[in-house]
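FYI, the numbering for the sequence shown is 0 to 149, going by numbering that gives the first Met the number 0. Positions of the beta carbon are idealized from the N, C-alpha and C atoms, including for glycine. Predicted model, so just to flag it, every value in this text is computed and none were measured. Structure first, then comments.
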Amino acid sequence: MGNGMYSVEQVAELLGLHVRTVRGYIRDGRLRAVRIGKQYRIARADLDALTGRPAPAAGPPAVEVSSIVQVDGVDRAAADRLATLVLAGVNTHHDPARPLRVQTVHDEERHRMKIVILGDAAATADLLRLVDAVLTGDNDLLIGTETGDA
0 MGNGMYSVEQ VAELLGLHVR TVRGYIRDGR LRAVRIGKQY RIARADLDAL TGRPAPAAGP
60 PAVEVSSIVQ VDGVDRAAAD RLATLVLAGV NTHHDPARPL RVQTVHDEER HRMKIVILGD
120 AAATADLLRL VDAVLTGDND LLIGTETGDA
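Okay, structure coming up:
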């Protein structure tokens with residue numbers, strides 16, 4: 000049974016049916032089978048189609064990554080702005096096929112923020128690029144420096 004091809008007898012046993020019933024399904028076209036000599040062989044995908052089980056997804060395996068970004072030297076207001084930006088980035092470019100789960104935590108005592116990202120590798124990479132651009136680009140957005148100080 001490990002090779003993904005089943006005999007009529009194996010299918011009957013798996014489904015709790017009589018062998019004649021399984022042969023009837025094959026004759027009626029309800030169950031696809033390949034005739035090899037005098038015997039039928041049923042592929043796992045055809046058995047799954049008969050029973051209504053979803054076929055395994057074709058394509059590359061799903062990859063999930065977890066990332067923790069630590070940002071030092073941020074006060075509560077800057078952490079709130081960064082958290083809002085990150086969550087907006089996740090929600091704005093939301094792809095149901097590549098979901099992300101994001102949490103932010105601010106430690107006021109240490110002036111430190113952590114951003115925890117769980118999800119698809121490509122979507123996580125996109126979000127990390129956004130965070131990097133914000134942190135290395137316009138620091139006035141995060142630090143909240145006042146204009147007019149000399």
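Inter-residue spacing [alpha-carbon to alpha-carbon] between residue 109 and residue 128 | On the sequence shown, residue 109 is found 110 positions in, with the first residue counted as 1. On the sequence shown, residue 128 is found 129 positions in, with the first residue counted as 1. Roughly 25 Å separates the two Cα atoms.
What distance in whole Å lies between the Cβ atoms of residue 103 and residue 121, which are believed to be in contact at a cut-off of 8 Å?
-> For this step, residue 121 is matched to residue 122 along the sequence shown. For this step, residue 103 is matched to residue 104 along the sequence shown. Rounded, the Cβ-Cβ distance is 21 Å, inconsistent with contact.
Between the Cα of residue 4 and the Cα atoms of 132, 27, 43, which residue gives the shortest distance?
-> In the sequence shown, counting from the first residue as 1, residue 4 sits at position 5. It is 43.
Between the CA atoms of residue 48 and residue 90 - distance to the nearest angstrom = For the purposes of this step, residue 90 is taken as the residue at position 91 of the sequence shown. For the purposes of this step, residue 48 is taken as the residue at position 49 of the sequence shown. Approximately 36 Å, taken between the alpha carbons.
Given a threshold of 16 other Cβ atoms within 10 Å of its Cβ, counted over all protein chains shown, does residue 105 qualify as buried or as exposed?
-> For the purposes of this step, residue 105 is taken as residue 106 along the sequence shown, with counting starting at 1. The residue in question, residue 105, is buried, as its Cβ has 16 or more Cβ neighbours within 10 Å.
Mind listing, in chain order, the continuous beta strand (DSSP E) runs of no fewer than 3 residues lying wholly within the region 96 to 126?
-> 99 to 106, 111 to 119
Within the same chain, show all residues whose beta-carbon is closer than 8 Å to that of residue 85, passing over the 5 residues directly before and after it, in chain order.
-> Numbered from 1 along the sequence shown, position 86 holds the residue referred to as residue 85. Once the five neighbours on either side are set aside, the close Cβ partners of residue 85 are 101, 103, 114, 126, 129, 130.
Hey, quick one: how far does the beta strand (DSSP E) through residue 70 stretch, first residue to last?
-> Here residue 70 refers to the residue found at position 71 of the sequence shown. Taken as a continuous stretch (DSSP letters only), the beta strand (DSSP E) holding residue 70 covers 63 to 71.
Cβ-Cβ distance between residue 135 and residue 64 below 8 Å | As a first step, residue 135 is located in the sequence shown; it is residue number 136 there, counting from the start. As a first step, residue 64 is located in the sequence shown; it is residue number 65 there, counting from the start. No, Cβ-Cβ distance for residue 135 and residue 64 is not below 8 Å.
Compare the C-alpha of residue 29 against each of 20, 35, 37 and name the closest.
-> Along the sequence shown, read from residue 1 onward, the residue named residue 29 stands at position 30. Closest by alpha carbon: 20.
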